[in-house]
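This is the structure in structure tokens:
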């Protein structure tokens, strides 16, 4: 009885093979070319050139390996085993088991951002792009503001909320001037505290900072969320 599973032998990849591999890994993670460029800290035109089989420098290959969380950042500069179709499908299946796709929108003003947080029981914030030191400080301040607000927004009067929305708008404007946008969306979840307790439906707000011009309409988030 023969085993039909084929494992490719490691070898140096051609430019075309590198391009196909990078595109495959990007699509498994449901990233746009702009998102990959942000994460790898390279220009989107470089991503396009690589995926079109036009070649990549050793430095670019290292950057891409880091973006895809390779244990060896020089893996793409060494003999490499291209995933078979079955292996690629297994990677995609595993990724989809561990993550879900969340629809998001770019948040343009403080009222929109504040109300998104008000509609959620939990808050998850992350940097989806490499922020400058100045932008990182601005996003950290926004994170602190929203974390505090999420805990006690029901204590705010209507007038106080208007003031807070204005402060959020100023923070979003500051980030925009620094070249970044905030995108966000709500996720429906079921929270179960103990085995004896019934599940309680909740909403979790996800917010992420992206480089302006590369804001996605959706992104992948882990199925498992930790609170506290």
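Numbering (the numbering used here), first residue to last: 20 to 247. Note that CB positions come from ideal geometry on N, CA and C, so glycine has one too. All values reported here derive from a predicted model rather than from experimental measurement.
message: On the CB-based measure, 16 or more other CB atoms within 10 Å of its CB, does residue 104 come out buried or exposed?
response: exposed
Backbone CA spacing between residue 209 and residue 166 [nearest angstrom]: Computed Cα separation, rounded: 21 Å.
Simplified DSSP assignment, three categories, for residue 205: Residue 205: strand per DSSP, three-state reduction.
- prompt: Are residue 202 and residue 158 close, meaning C-beta to C-beta below 8 Å?
  reply: no
query: In the DSSP assignment, what are the bridge partners of residue 146?
result: 228
query: Would residue 47 pass as a contact of residue 89 if the rule is Cβ separation under 8 Å?
result: no
task: Out of 121, 41, 96, state which residue places its alpha-carbon closest to the alpha-carbon of residue 206.
output: 121
query: From what residue to what residue does the alpha helix (DSSP H) around residue 237 run?
result: No alpha helix (DSSP H) holds residue 237; the beta strand (DSSP E) holding it covers 237-241.
query: If you draw a straight line from the alpha carbon of residue 147 to that of residue 187, how long is it in whole angstroms?
result: Rounded to the nearest angstrom, the two C-alpha atoms are 20 Å apart.
query: Can you check whether the CB of residue 138 is closer than 8 Å to the CB of residue 221?
result: no
- request: Any chance you could list the alpha helix (DSSP H) runs of at least 4 consecutive residues sitting entirely within the segment 33-110, in chain order?
  value: 34-47, 52-59, 63-70, 77-86
Where residue 57 falls, given that 16 or more other Cβ within 10 Å makes a residue buried: buried
field: Helix, strand or coil at residue 157 according to DSSP, with G and I counted as helix
entry: helix
- request: Per DSSP, which residues does residue 117 bridge with? Please list them.
  value: In the DSSP output, where bridge partners are listed per residue, residue 117 has none listed.
task: Classify residue 198 as helix, strand or coil using the three-state DSSP reduction.
output: Here residue 198 sits in coil by DSSP.
- request: With DSSP as the reference, label residue 133 as helix, strand or coil.
  value: It is helical.
Pick from 241, 244, 232, 243 that is closest to residue 54, judged by C-alpha positions: 232
- request: Starting from the C-beta of residue 118, find all residues in its chain whose C-beta is less than 8 Å away, skip the five residues before and the five after it, and write them out in chain order.
  value: 239, 240, 241, 242
task: Give me the Cα-Cα distance between residue 161 and residue 63, rounded to the nearest whole angstrom.
output: 27 Å
- prompt: Hey, out of 155, 74, 178, whose CA is closest to residue 190's CA?
  reply: 155
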